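In what follows, a single structure is set out as structure tokens and then discussed.
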Amino acid sequence: FWGELHKMKTAIKTVKAYLFMFSLLVKTYPQRLFCLPIYVLFSALLPFVPILFSARIIDSLVSGKNYLYVVILILLMCICGLVMEFTVELINEYDVVWDACFAFETTGMILKKYMELDMADMETEEIYAKYNMANAALENGIGYFLDSIKNILISIIELAAASLIILSLHPLMILILLIITVLASFLQRKSLLKERAFDENTTIENRKYRYLYDTVNDFQYGKEIRVYGLKEKLAGRIFRLNDSYFNKLKRTKQTLYFLQSGYQWINLVTNACIYIYIIFLFAAGRITIGSFTIILGTVEKFKAALTSISDCIVKMNDMGIRIHDLQDFLAVESKLSTTVKQNADIQKLSDYEIRFEHVGFHYPNSDRMVLKDINIVIPYGEKLIIVGENGAGKSTFVKLLFRIYDPTEGAIYVGGRNIKDFPLEEYHHLLASVFQDFRMFSFSIRDNIVFGSEAYESDDKIMEILKRLGMDKKIRNLPKGLDTCLNTDYEEDGVMMSGGELQKLAIARAIYRNADILVVDEPTSALDAISEADTYRILRSVIGKKTGIFISHRMSSARFGDKIALFEQGRITEYGTFREVMQLKRRFFELYHLQAQYYV
């Protein structure tokens, strides 16, 4: 009973998976469904045109009928074949494009979902496994779902037509062919299940290999790889992964070889038996030459259609599982986007005061608290400088403010409301950032600056910002100006810029957004001391009365803020104006003078 119940649940899940794919087809390319019946009918009946007409032509010639009748039969065969062939090919030409587009559409869904996932989820093995299986589903052809539907419908019509012909001649042959085909389909199903098990068992190898592949191909790692001589070590890791992958693949292929060999032997023996039986019937005078042709062609078509149906059923069952893998990944919800309250309207806030209350945090898969009991109030318009040594929790503080992660303990408020109450995208519109590990896309300079802003205003505004950052002359002297692409990954004529220049472009992107809260993590790490001072002055003037939060490991930058917060081992240990924290003569005082000695 429980076994049957499980089978029923599996069948229902498979049907839902098919309906899901059909709904995607209706949304993307509904015209395909209109062409489907014509394509299926003509494709199924086309092979029978030469079989049926050839038999009549041969029998007419043998019986001595007039040649005009034979010519008419030949003309009818050619006309029917041409009309059906032309229609099938015409639809097929469009179908190839639609199939490819639908496959790309499905790929786009996966990538979009991956970009929507919470950072915390992306770091878990479970979510990555789902992502990997969704990609494996694409690689195994779920983007060509309708192709499988067409094949099985065509095979069903071919089987029905062939069955009518064979039943009128030798019904026993159908039963024999059915038994043989069921056995062959069993082996085919075993093969597909083995292939999917291989995909599941190589998830770890795929993840590690993808990271190593991306790292080796990332231009930004090029200097470290060459200077530190990492080529052999990275290659060694790749080779070890290849060995692990190859060993699993070898074992899988060995099993598949035996299954496929059995499948081929069954087909070979079946063909031999059918030919021997038909030759026996002809030798006994029980069938004519025309009937011999019809039986031979029809049995081949029956066997091919039955095998195709059996294969399609097995593949469709496998595709149902694969589609469920896709659905499973697409069903992953962002936890950060599910806490919105209906009455949480950011536009109605009177100000954007930031308040951390007893905030603590540890990263997923780790119990070590990175932040501990953080309590701080940042009034709207204040310029806060966060300083501290590496690993003190400064960048994590920013990640929590941006809701890249949610606190493990405590709560964060903006304008008196818990930031969990706001729609995540609306909340992000309040903020602009330059992260410590910022990335510039290999697109145009204009795109890099305008990306993420609600609306493009004008090139004049972009150039005004770049002028204040001392980058306008550099951009104007480029052959394509703001249309110049960064790097050569996307366009061949892209340009390479220094780390300091890229950092200024990242700052320009944050300024262009014109957000109410600007957060800059190590804004001058790639700049010299003079450029650092100039950049802080520019940022203060650009921000105006809005809130600015600047994270830095340079204690001298603290002079540019209204307040200073010193982070040590995940806690705020010193807080106040520059004069106040200096008067404490504690850790900040020590670090400030330690760094200052190198500028004297």
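The sequence shown begins at 299 in the numbering used here and counts up one residue at a time.
We put the CB at the ideal spot given by N, CA and C, even for glycine.
Just so it is clear, the structure is predicted and the values come from calculations on it, not from any experiment.
Inter-residue spacing [alpha-carbon to alpha-carbon] between residue i and residue j
{"i": "CYS783", "j": "LEU554", "result": "48 angstroms"}
{"i": "LEU374", "j": "ASP357", "result": "16 angstroms"}
{"i": "ASP781", "j": "ALA709", "result": "43 angstroms"}
{"i": "ALA460", "j": "PHE600", "result": "5 angstroms"}
{"i": "THR875", "j": "LEU837", "result": "19 angstroms"}
{"i": "ARG766", "j": "THR833", "result": "9 angstroms"}
{"i": "LYS529", "j": "ASN785", "result": "23 angstroms"}
{"i": "HIS851", "j": "GLN734", "result": "11 angstroms"}
{"i": "LEU532", "j": "ARG877", "result": "50 angstroms"}
{"i": "ARG807", "j": "ASN746", "result": "7 angstroms"}
{"i": "PHE346", "j": "PHE749", "result": "59 angstroms"}
{"i": "ARG835", "j": "GLY689", "result": "27 angstroms"}
{"i": "ASN515", "j": "LEU634", "result": "32 angstroms"}
{"i": "TYR711", "j": "ASP704", "result": "12 angstroms"}
{"i": "ILE454", "j": "ASP626", "result": "31 angstroms"}
{"i": "GLU789", "j": "LEU409", "result": "22 angstroms"}
{"i": "SER542", "j": "LEU510", "result": "15 angstroms"}
{"i": "LEU462", "j": "ILE355", "result": "21 angstroms"}
{"i": "ALA581", "j": "ILE478", "result": "26 angstroms"}
{"i": "ASN812", "j": "GLY686", "result": "28 angstroms"}
{"i": "ALA730", "j": "ILE862", "result": "20 angstroms"}
{"i": "PRO352", "j": "THR591", "result": "Inspection of the sequence shows that residue 352 is occupied by Ser rather than by Pro. Approximately 8 angstroms between the Cα atoms of the pair."}
{"i": "PHE556", "j": "ARG487", "result": "13 angstroms"}
{"i": "GLU905", "j": "ARG744", "result": "The requested residue 905 is not part of the displayed model; the chain covers only 299 to 898."}
{"i": "GLY846", "j": "GLY679", "result": "7 angstroms"}
{"i": "THR405", "j": "ASN433", "result": "8 angstroms"}
{"i": "ARG508", "j": "GLU423", "result": "14 angstroms"}
Other residues of its chain near residue i: CB distance less than 7 angstroms, five sequence neighbours each side excluded
{"i": "VAL696", "result": "VAL817, ASP819 and ILE849"}
{"i": "ASN504", "result": "ASN430"}
{"i": "ILE572", "result": "VAL597"}
{"i": "ASP445", "result": "ASP397"}
{"i": "LYS506", "result": "LEU539"}
{"i": "LEU764", "result": "ASP770, ILE773 and ALA806"}
{"i": "VAL732", "result": "ALA804, ILE805, ALA808, VAL818, ASP819 and PRO821"}
Sequence-distant residues of its chain with Cβ nearer than 6 angstroms to residue i (five each side left out)
{"i": "ALA427", "result": "THR501"}
{"i": "ASP814", "result": "TYR650, LEU728 and LYS844"}
{"i": "SER606", "result": "SER453"}
{"i": "LEU889", "result": "MET853"}
{"i": "ILE841", "result": "LEU816"}
{"i": "ASN438", "result": "ARG620"}
Boundaries of the alpha helix (DSSP H) in which residue i is found, first to last residue
{"i": "ALA813", "result": "Where ALA813 is concerned, there is no enclosing alpha helix (DSSP H), given that its DSSP letter is neither H nor E."}
{"i": "TYR511", "result": "501-515"}
{"i": "ASP445", "result": "443-465"}
{"i": "PHE695", "result": "692-699"}
{"i": "TYR519", "result": "No alpha helix (DSSP H) contains TYR519, which DSSP labels as neither H nor E."}
{"i": "ARG774", "result": "770-774"}
{"i": "MET795", "result": "Element bounds for MET795: n/a, residue is neither H nor E."}
{"i": "ILE425", "result": "423-437"}
{"i": "ASP905", "result": "Nothing about residue 905 can be reported from this structure: the residues present for the chain run from 299 to 898 only."}
Residues near residue i in its chain [Cβ-Cβ closer than 8 angstroms; skip 5 each side]
{"i": "LEU359", "result": "VAL368"}
{"i": "TYR810", "result": "ILE747, VAL748, SER751, LYS759, ILE760 and ILE763"}
{"i": "ASN390", "result": "TYR337"}
Range covered by the beta strand (DSSP E) that runs through residue i
{"i": "ARG857", "result": "Unbroken run through ARG857: none, as it is neither H nor E."}
{"i": "PHE848", "result": "845-850"}
{"i": "THR871", "result": "869-874"}
Proximity test, Cβ basis, 8 angstroms: residue i and chain D
{"i": "ASN746", "result": "Here chain D cannot be found, since the structure has a single protein chain."}
Cβ contact check for the stretch 613-631 and the stretch 308-316: 3 or more pairs under 8 angstroms: Yes, since at least three Cβ pairs between the stretch 613-631 and the stretch 308-316 fall closer than 8 angstroms, the two stretches touch.
In chain order, each alpha helix (DSSP H) run of at least 4 residues that lies wholly inside the stretch 703-757: 722-726 and 743-748
In chain order, which beta strand (DSSP E) runs of at least 3 residues are fully inside the stretch 610-688? 652-659, 669-676 and 681-686
Between the stretch 797-810 and the stretch 764-772, can you find at least three pairs of beta-carbon atoms closer than 8 angstroms? Contact holds between the stretch 764-772 and the stretch 797-810, because three or more Cβ pairs, one in each stretch, are under 8 angstroms apart.
Counting beta carbon pairs with one atom in the stretch 364-382 and one in the stretch 399-419, are three or more of them shorter than 8 angstroms? no
Is the stretch 663-678 in contact with the stretch 861-874, if contact means three or more CB pairs nearer than 8 angstroms? yes
Output the residue ranges of the alpha helix (DSSP H) runs that lie fully inside the stretch 320-395 and measure 4 residues or longer, sorted by chain position. 329-343 and 346-361
Are three or more beta carbon pairs between the stretch 848-862 and the stretch 652-665 nearer than 8 angstroms? In this structure the stretch 848-862 does not lie against the stretch 652-665, because fewer than three pairs of beta carbons, one per stretch, are closer than 8 angstroms.
How do the stretch 723-738 and the stretch 672-683 stand: do at least 3 beta-carbon pairs fall below 8 angstroms, yes or no? no
Is it a yes or a no for the stretch 383-401 touching the stretch 327-342, going by three-plus beta-carbon pairs under 8 angstroms? Short answer: they touch.
Hey, is the stretch 547-561 in contact with the stretch 488-496, meaning 3+ C-beta pairs nearer than 8 angstroms? With contact defined as three or more Cβ pairs closer than 8 angstroms, the stretch 547-561 and the stretch 488-496 are in contact.
What are the uninterrupted segments assigned as alpha helix (DSSP H) that are 4 or more residues long and contained completely in the stretch 522-608, given in chain order? Whole alpha helix (DSSP H) segments, 4+ residues: 529-581.
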